[in-house]
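Novice:
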Amino acid sequence: MAGYTYELEAVLNRADPLARVFESAGYRFFLVGGVVRDYFLKRFDVGQDLDATTDARPDAIRALVSELADDVWSQGERFGTIGCIVAGHSYEVTTHRAESYVPDSRKPTVVFGDDVVDDLARRDFTVNAMAIDMADRSLVDPFGGEADLEAGVLRTPLEPEASLSEDPLRMLRAARFCASCALSPAPDLVAAMTAERDRLEIVSVERIRDELQKLLLLDDPAAGLGLIDATGVGRRVPVVGGCDGWESAARRLRTLPTDPAMRWAGLLSALQVVRPDLRLLKFSRDLDRAVMWLLREAPELSTADLAALEDRRLRELAGGCPAGRTVEDLLTFVAGLRAGDGLSADDVDQMAARLAGLRGREPDWDDPAPFFSGLEVAEMLGIEPGPELGRAMNWLAGLRVAEGPLDADTAAARLQDWWAQRTRE
Ligand code: ATP
Ligand code: MG
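Residues in the sequence shown are numbered from 175 upward in steps of one, following the numbering used here.
1. Is there contact here, the region 388-396 with the region 470-481, by at least three beta-carbon pairs under 8 Å?
2. What residue range is occupied by the uninterrupted beta strand (DSSP E) comprising phenylalanine 203?
3. Under the three-state reduction of DSSP, which class applies to alanine 226: helix, strand or coil?
4. Would leucine 401 and serine 443 qualify as a contact pair, given that the criterion is a beta-carbon distance under 8 Å?
5. Ignore the nearest five residues each way along the sequence and tell me which others in proline 277's own chain have a CB closer than 8 Å to its CB.
6. For tryptophan 247, list the residues DSSP reports as bridge partners.
7. Consider the C-beta atom of aspartate 225 and the heavy atoms of ligand 2; say whether any pair is separated by less than 7 Å.
8. For threonine 228, which option in Ala530, Asn302, Ile306, Thr283 has the closest C-alpha, if you only look at C-alpha atoms?
9. For the pair the region 567-576 and the region 536-547, tell me if three or more CB-CB distances fall below 8 Å.
10. Is aspartate 520 close to chain D? Criterion is C-beta to C-beta, closer than 8 Å.
11. Along the chain, where does the alpha helix (DSSP H) that runs through serine 443 open and close?
12. What did DSSP end up calling alanine 513 once you bin it into helix, strand or coil?
13. Is arginine 297 near ligand 1, with its Cβ less than 7 Å from a heavy atom?
14. Straight-line CA distance for valine 267 to alanine 353?
15. Starting from isoleucine 382, trace the alpha helix (DSSP H) both ways and give me its first and last residue.
16. Tell me the residue span of the alpha helix (DSSP H) that contains glutamate 183.
17. Where does the unbroken beta strand (DSSP E) through threonine 269 begin, and where does it stop?
18. How would you call isoleucine 382, buried or exposed, if buried means at least 16 neighbouring beta carbons within 10 angstroms?
19. With distances taken between CB atoms, is the gap from proline 342 to glutamine 387 smaller than 8 Å?
20. Ligand 1 heavy atoms versus the CB of arginine 373: any closer than 7 Å?
21. Would you list the residues sitting across from alanine 305 in a DSSP beta bridge?
22. What are the complete alpha helix (DSSP H) segments, minimum 4 residues, inside the region 467-552?
23. Return the chain-ordered list of same chain residues with a C-beta closer than 7 Å to the C-beta of serine 240, the five sequence neighbours on each side being excluded.
24. Whose C-beta lies closer than 6 Å to the C-beta of valine 206 among residues of the same chain, with five residues either side of it excluded?
25. When you compare each of Val195, Arg453, Gly262 to valine 379 by their alpha carbons, which one comes out closest?
26. Could you give the distance in angstroms between the alpha-carbon of arginine 410 and the alpha-carbon of aspartate 298?
27. Could you tell me whether the region 229-238 touches the region 248-259, where touching means 3 or more Cβ pairs closer than 8 Å?
28. In three-state terms, what does DSSP make of leucine 430?
29. The alpha helix (DSSP H) spanning arginine 350 covers which residue range?
30. Return helix, strand or coil for valine 407, following the three-state DSSP convention.
31. Verify whether the separation of the beta carbon atoms of valine 220 and glutamate 181 is less than 8 Å.
32. Are the beta-carbon atoms of glycine 326 and alanine 348 separated by less than 8 Å?
33. Would you mind reading off the limits of the alpha helix (DSSP H) that contains isoleucine 235?
34. Specify, as a first and last residue, the run of the alpha helix (DSSP H) that proline 334 falls within.
35. Given leucine 215, which residues of its chain have a CB within under 8 Å of its CB, disregarding the five upstream and five downstream residues?
36. Taking C-beta to C-beta, are aspartate 223 and serine 264 nearer than 8 Å?
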């Protein structure tokens with residue numbers, strides 16, 4: 175088809191060699207999903223990963239892409255998907271799927287098909303159910319995705335209740351695409367989400383977590399959070415479920431950086447889930463720690479008079495930061511929460527300036543050096559390693575937090591004073 179922009183032509187030309195391999199072997203090859211949608215949304219990224227669909231079966235796909243690919247992965251083969259890198263770009267090529275409906279299974283069985291229209295019919299939304307036939311570059315849009323994008327509507331290709339029931343994760347995807355593509359859900363989609371929300375139960379927490387995180391990481395997830403709230407789907411999300419406050423979450427998330435830990439903590443704090451069991455969402459250890467840290471430390475800073483916080487408290491906060499995080503991150507989080515709630519963040523700025531000053535004066539701020547090693551302290555006090563030495567080391571650590579860096583003579587004198595007093599008692 176003529177008339178595509180230069181950018182889309184460039185992507186089609188890039189995909190051509192791979193398409194030719196399929197066509198030479200007698201198969202059809204379509205680019206599908208996000209690339210077509212984003213083209214019509216004019217937010218096209220020439221380097222973006224491409225999804226393709228074909229009538230070739232997975233083993234044939236694997237053999238065909240191997241002719242050109244630098245790397246091939248087949249973890250998704252059972253569901254028909256082979257991933258590969260060709261000339262530096264990544265592709266996921268999936269066998270057409272035909273109707274499959276398995277009510278209570280977490281892992282629906284997949285029925286492969288021969289017709290691209292059947293495949294598009296079982297995709298999540300009409301705006302994602304468009305394809306470009308690489309043989310003649312024609313648009314395949316049997317469900318009116320282009321018109322729906324034009325009208326700003328999110329709808330399912332077939333009947334929404336059946337679609338959401340087949341894969342309830344689509345409820346969260348609906349929220350994400352409403353927010354990311356500025357679409358309004360069709361009324362029958364909203365009704366179906368409300369009716370089918372309990373079905374979210376059959377979806378694995380990993381899929382729920384990943385999809386919700388994609389929503390949380392949008393610049394402005396408000397429309398999606400609003401839909402999750404309005405349909406009651408939010409009450410079925412593990413860990414965060416059963417809570418109100420999605421509205422205020424939306425306000426706060428907009429003003430937080432698009433950092434996973436901050437966005438999750440922003441959501442959980444708005445929903446007043448203060449002690450979440452994040453193991454239920456199978457977070458990575460780093461994410462788990464960072465979220466718990468923000469939830470633990472932020473309440474104090476959100477309400478405290480920051481100007482009155484002592485240096486010693488700031489050093490304590492610095493000492494409690496998980497790996498890779500700083501007190502500044504905590505402040506950024508607090509400032510975001512406050513801004514979202516319409517509160518002033520002036521004293522947060524002052525605090526940031528103070529932290530910069532402390533950092534300048536205390537070069538070992540992020541990784542405070544203990545004054546002495548255990549062996550040195552044992553020698554200074556004339557004691558053997560044991561519980562007493564442990565106490566002395568703890569006391570020195572406390573001294574470091576209370577007073578910051580000291581020169582070795584001062585620290586040694588303070589240690590001797592403490593020790594003298596202790597042995598006198
Ligand atoms: P993004 O830009 O966020 O990656 P995308 O449209 O590429 O958007 P993916 O999750 O990568 O989204 O999925 C690729 C395509 O696969 C979608 O456009 C859609 O056609 C189809 N799809 C993905 N997940 C589902 C699902 N759960 N149910 C039905 N179709 C789906
Ligand atoms: Mg994609």
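Note that beta-carbon positions come from the ideal geometry of N, C-alpha and C, so glycine has one too. Predicted, not measured: the structure shown is a model, and the values here were computed from it.
Specialist: According to the structure shown:
1. no
2. 203-206
3. strand
4. no
5. Only weak support exists for where proline 277 lies, its pLDDT of 49 falling under 50; the value from the coordinates is given anyway. Excluding positions up to five away in sequence, the list reads Ser339.
6. Gly257
7. yes
8. Ile306
9. yes
10. Considering every chain present, this structure includes no chain D. It has just one protein chain.
11. Counting along the chain, the alpha helix (DSSP H) containing serine 443 begins and ends at 434-444.
12. helix
13. yes
14. 27 Å
15. 379-390 is the span of the alpha helix (DSSP H), which, as asked, contains isoleucine 382.
16. Per DSSP, glutamate 183 belongs to the alpha helix (DSSP H) from 180-198.
17. 263-269
18. buried
19. It is not a contact, given that the beta carbons lie outside the stated cut-off.
20. no
21. Val206, Val314
22. 485-493, 501-514, 520-535
23. For serine 240, where only same-chain residues beyond five positions count, the Cβ hits under 7 Å are Val246.
24. Asp225, Thr227, Ala305
25. Arg453
26. 20 Å
27. The region 229-238 is in contact with the region 248-259.
28. Reduced to three states, the DSSP call for leucine 430 is coil.
29. 343-354
30. helix
31. yes
32. no
33. That run of the alpha helix (DSSP H) goes 232-240.
34. 334-340
35. Leu323, Cys355
36. yes
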